[in-house]
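Asker: Take a look at this one; I'll ask things after.
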Amino acid sequence: MITSCGLLLKKADSKESTKLSKPMISGSRLKEYNNLEWISIAERLKPTLIESTVQAVQLVNGVSDKNNILQYKMVSDETRSLKSISETPVNAGDFFIVEFPHHVTGFLTFNMDWVGRGNDAPTRLRLIFGEVPSDVLEPLYPYNGTLSASWLPDEIINIDHLPDEVTISRRHAYKYVKIEVMSGSKNFGIIFSNIHTIAVSSAGEDKQTNILGLSEKWKKIEKISLRTLHECMQTTFEDGPRRDQRLWLGDLRLQALTNYLSFKNNNLVKRCLYLFAGLTNSDGFVTACVYEKPTPTAGEGVMLDYAALFGPTLADYYFATNDRQTLEHLLPVALKQITLITERYVNNDGVVQIPDRPFTFIDWQDGLDKQASMQGLMIYCCRRVKSLTELVGDNSSSAKLDSLIQHMTNAATRYLWKSDSKLFVSGPNSQISWASQIWMVLAGIVDNQTGKDLLQRVMKMPKAITPLTPYLYHHLVSAFVTIGDKQGAQDVVLGYWGIMAEYGVDTFWEAFDPHNPKASPYGAMQINSYCHAWSCTPAYFIRSLFTRP
1 MITSCGLLLK KADSKESTKL SKPMISGSRL KEYNNLEWIS IAERLKPTLI
51 ESTVQAVQLV NGVSDKNNIL QYKMVSDETR SLKSISETPV NAGDFFIVEF
101 PHHVTGFLTF NMDWVGRGND APTRLRLIFG EVPSDVLEPL YPYNGTLSAS
151 WLPDEIINID HLPDEVTISR RHAYKYVKIE VMSGSKNFGI IFSNIHTIAV
201 SSAGEDKQTN ILGLSEKWKK IEKISLRTLH ECMQTTFEDG PRRDQRLWLG
251 DLRLQALTNY LSFKNNNLVK RCLYLFAGLT NSDGFVTACV YEKPTPTAGE
301 GVMLDYAALF GPTLADYYFA TNDRQTLEHL LPVALKQITL ITERYVNNDG
351 VVQIPDRPFT FIDWQDGLDK QASMQGLMIY CCRRVKSLTE LVGDNSSSAK
401 LDSLIQHMTN AATRYLWKSD SKLFVSGPNS QISWASQIWM VLAGIVDNQT
451 GKDLLQRVMK MPKAITPLTP YLYHHLVSAF VTIGDKQGAQ DVVLGYWGIM
501 AEYGVDTFWE AFDPHNPKAS PYGAMQINSY CHAWSCTPAY FIRSLFTRP
């Protein structure tokens, strides 16, 4: 039986048809300006998910540990075991916590039976799915975060008749599951057996040859990075298998880079590119995210930096695959993003003006002024797209991009560079942030030594605005690689992702502040994603030997 909240439901779509049929199109939310041909190409590339069975390994309890990353550690349950709960009844009001060997994404399944006088009432269970110990050890409620509470990883289910095999219909992402018998009957107790997960992913096997000579520390970071990516590779590259379970352009770019040096599922990247290109909004902007279910639908908003990064994502794909047809199809979309942004949000002096809407992301850090970061990002994107126009012989676009690069570079050095601090500043208050320096280095507007100096200088400034997410830390590593400072790049990976690895995480997190591990961009750590796509790139840097930005 497949059950959720007492309803009999259809299981997930790992073997659904990949054809975008006419009824699906007519019943969807597609607009007249969407490109049905490209959406159809994307749907034909939809992969069949690979299923595997992962057995639970033990029952655990949590204990307080102030030296651990979230102040808990899991230890074996000394009073019960998987064997004992299959023989000794679990009664109403009791619970146990199951541990799996590693983070899994899929469908929890277990057998239930009753022991006693008679199965004279339904059994109600509450299940809490945890990516980290605090998920199952601390209360989920009350919840005061800014994202919907419906993302919280708990389920209440009713099982009417026993014995039964129960499969939770909703896909969850977890390493731990707390199973509580909320209510039943005094006439019987519950026994549980064969607790396992039907795990799903489209990643397949790692196809890259291992790098010889890696230390155990680097091997561990690489392994966690690849597990993070593996879990996010579903029928698109999801940002997080727990939350938000959808395709975001900024995440896609970083996932694709790691994929090219690991699972090499390049058709999944191609599918995602065509989804974004086929589902632009009425102005021609690529939306920040795409919903693929029940039918492909554009996200509700635009992020200017994500839209601009469509071009570099396409460039990375082309240089990994030499797929000329996709390049020629989608290059106009990349050019359109640059045209829209520069015509609307770059003034006559060549300086980016950050609007209230559309949103500009860069990072989740509170108080970050994004003007200088976006200035550098636009120059970077123009350079990457220019390399594509040169490949296809579009001399007119190449010339326009070259002129734009020069204009915005001159503006950056004239208006945003401060010779006294020898740093780039941002916004009306001349804010100094790591993000501003990172993107100016990536834009290529300073020489290598100047870039190294300004990165090292800002990282030593106590009042400079620091990154919050692995997304911006990725770009910090990339900036060090760009200027040829391999040691600086390695130090960032060890000093950020390495801390998480030392604490024994299975997957890398959506947001991590080494000084405040419980920090959340959404005001409540219960809603955080602890397996998140944009955190997977240490494997990319390791496998490219810290030579590719």
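Numbering (our numbering), first residue to last: 1 to 549. The beta-carbon is built from N, C-alpha and C at its ideal position, and this holds for glycine as well. Computed from a predicted structure; not experimentally measured.
Name the DSSP bridge partner or partners of Asp164?
Answerer: DSSP lists Met112 as partners of Asp164.
Asker: Less than 6 Å between C-beta atoms, sequence neighbours within five positions excluded: which residues of the same chain meet that for Lys207?
Answerer: Closer than 6 Å at the Cβ level, and outside the excluded window around Lys207, lie Lys264.
Asker: Reducing DSSP to helix, strand and coil, say where His102 ends up.
Answerer: In this structure, His102 counts as strand in the three-state DSSP scheme.
Asker: Nearest to Glu231 by CA position, among Lys386, Asn259, Ala489, is which residue?
Answerer: Per the Cα distances, Asn259.
Asker: Between Thr469 and Leu261, what straight-line distance do the alpha-carbon atoms span, to the nearest angstrom?
Answerer: Rounded to the nearest angstrom, the two C-alpha atoms are 23 Å apart.
Asker: For the beta strand (DSSP E) holding His196, just list the boundary residues, first then last.
Answerer: Its beta strand (DSSP E) spans residues 188–201.
Asker: Specify whether the region 85–92 and the region 148–156 touch according to this definition: at least 3 beta carbon pairs, one from each stretch, less than 8 Å apart.
Answerer: The region 85–92 is not in contact with the region 148–156.
Asker: Which of the three DSSP states, helix, strand or coil, is assigned to Asn158?
Answerer: Reduced to three states, the DSSP call for Asn158 is strand.
Asker: Which residue or residues does DSSP assign as beta-bridge partners of Thr53?
Answerer: In DSSP, Thr53 forms a bridge with Ile198.
Asker: What residue ranges within the region 488–546 form continuous alpha helix (DSSP H) runs of no fewer than 4 residues, ordered along the chain?
Answerer: The qualifying runs are 538–543.
Asker: Between the alpha carbons of Asn35 and Asp94, how many angstroms are there, rounded?
Answerer: Those two C-alpha atoms are separated by around 54 Å.
Asker: Grouping DSSP H, G and I as helix and E and B as strand, with all else coil, what is Ala411?
Answerer: DSSP places Ala411 in helix when its eight states are reduced to three.
Asker: Among Val132, Asp356, Thr547, Ile39, which one has its Cα closest to the Cα of Met74?
Answerer: Looking at the Cα atoms, Val132 is the closest of the given residues.
Asker: On a CA-only basis, which of His102, Arg80, Pro163 is nearest Asn119? Give me that one, please.
Answerer: The option with the nearest alpha carbon to Asn119 is Pro163.
Asker: Hey, out of Pro538, Pro294, Leu247, whose CA is closest to Tyr274's CA?
Answerer: Looking at the Cα atoms, Leu247 is the closest of the given residues.
Asker: Determine, using beta carbons only, whether Val200 and Leu49 come nearer to each other than 8 Å.
Answerer: Result yes, Cβ atoms of Val200 and Leu49 sit closer than 8 Å.
Asker: Mind checking whether Ser478 and Leu442 have CB atoms under 8 Å apart?
Answerer: In contact: Ser478 and Leu442 (Cβ atoms closer than 8 Å).
Asker: Might you give, ordered along the chain, the residues of its own chain that have their beta carbon closer than 8 Å to the beta carbon of Tyr380, omitting 5 neighbours on each side?
Answerer: Contacts found: Pro312, Trp439, Leu442, Ala443, Gly444.
Asker: Mind listing, in chain order, the continuous beta strand (DSSP E) runs of no fewer than 3 residues lying wholly within the region 254–323?
Answerer: Listed in chain order, they are 289–291.
Asker: Report the three-state DSSP secondary structure of Arg548 (helix, strand or coil).
Answerer: Arg548: coil per DSSP, three-state reduction.
Asker: Check Val385 in the structure and name its three-state DSSP category.
Answerer: Val385 falls in the helix class under three-state DSSP.
Asker: With 16 as the cutoff for other CB atoms within 10 Å, does Arg227 come out buried or exposed?
Answerer: Burial call: buried.
Asker: Ordered along the chain, which non-local residues of its own chain (more than five positions away) have a Cβ less than 7 Å from that of Phe546?
Answerer: Counting only Cβ-Cβ distances below 7 Å, and skipping sequence neighbours, we find Val481, Lys486, Ala489, Gln490.
Asker: Nearest-angstrom Cα distance between His475 and Leu140?
Answerer: For His475 and Leu140, the distance between alpha carbons rounds to 33 Å.
Asker: If you count every other CB in all the chains shown that lies within 10 Å of the CB of Pro462, and 16 or more means buried, which is it?
Answerer: Exposed is the call here.
Asker: Based on DSSP bridge pairs, tell me the residues matched to Trp417.
Answerer: Partner(s): Phe424.
Asker: Tell me the rounded alpha-carbon separation between Gly106 and Asn194.
Answerer: So the two alpha carbons sit approximately 16 Å from each other.
Asker: Return the chain-ordered list of same chain residues with a C-beta closer than 8 Å to the C-beta of Leu45, the five sequence neighbours on each side being excluded.
Answerer: Closer than 8 Å at the Cβ level, and outside the excluded window around Leu45, lie Thr18, Asn267, Leu268, Lys270, Arg271, Tyr274.
Asker: For Lys370, collect the residues of the same chain with a Cβ closer than 6 Å to its Cβ; drop the 5 residues on either side in sequence, then sort them by chain order.
Answerer: Hits under 6 Å: Ile354, Thr360, Ile362.
Asker: Going by C-alpha to C-alpha distance, which of Pro538, Leu249, Tyr471, Leu59 sits closest to Ser81?
Answerer: The shortest Cα separation from Ser81 among Pro538, Leu249, Tyr471, Leu59 belongs to Leu59.
Asker: Run through DSSP, which three-state label would Tyr174 get?
Answerer: DSSP places Tyr174 in strand when its eight states are reduced to three.
Asker: Run the CB neighbour count on Tyr33, radius 10 Å, all protein chains shown included, and call it buried at 16 or more, exposed below.
Answerer: Answer is exposed; the Cβ neighbour count stays below 16.
Asker: Are three or more beta carbon pairs between the region 534–541 and the region 238–255 nearer than 8 Å?
Answerer: With a cut-off of 8 Å, the region 238–255 and the region 534–541 count as touching, because enough Cβ pairs lie within range.
Asker: By how many angstroms is the C-alpha of Thr287 removed from the C-alpha of Val302?
Answerer: Distance between the alpha carbons of Val302 and Thr287: 5 Å.
Asker: Since I believe Leu108 is in contact with Ile168 (beta carbons under 8 Å), could you give me their beta-carbon distance rounded to a whole number of angstroms?
Answerer: That pair is a contact at about 5 Å.
Asker: With Gly451 as the anchor, note down where its beta strand (DSSP E) starts and where it stops.
Answerer: Where Gly451 is concerned, there is no enclosing beta strand (DSSP E), although the alpha helix (DSSP H) it sits in stretches over 448–459.
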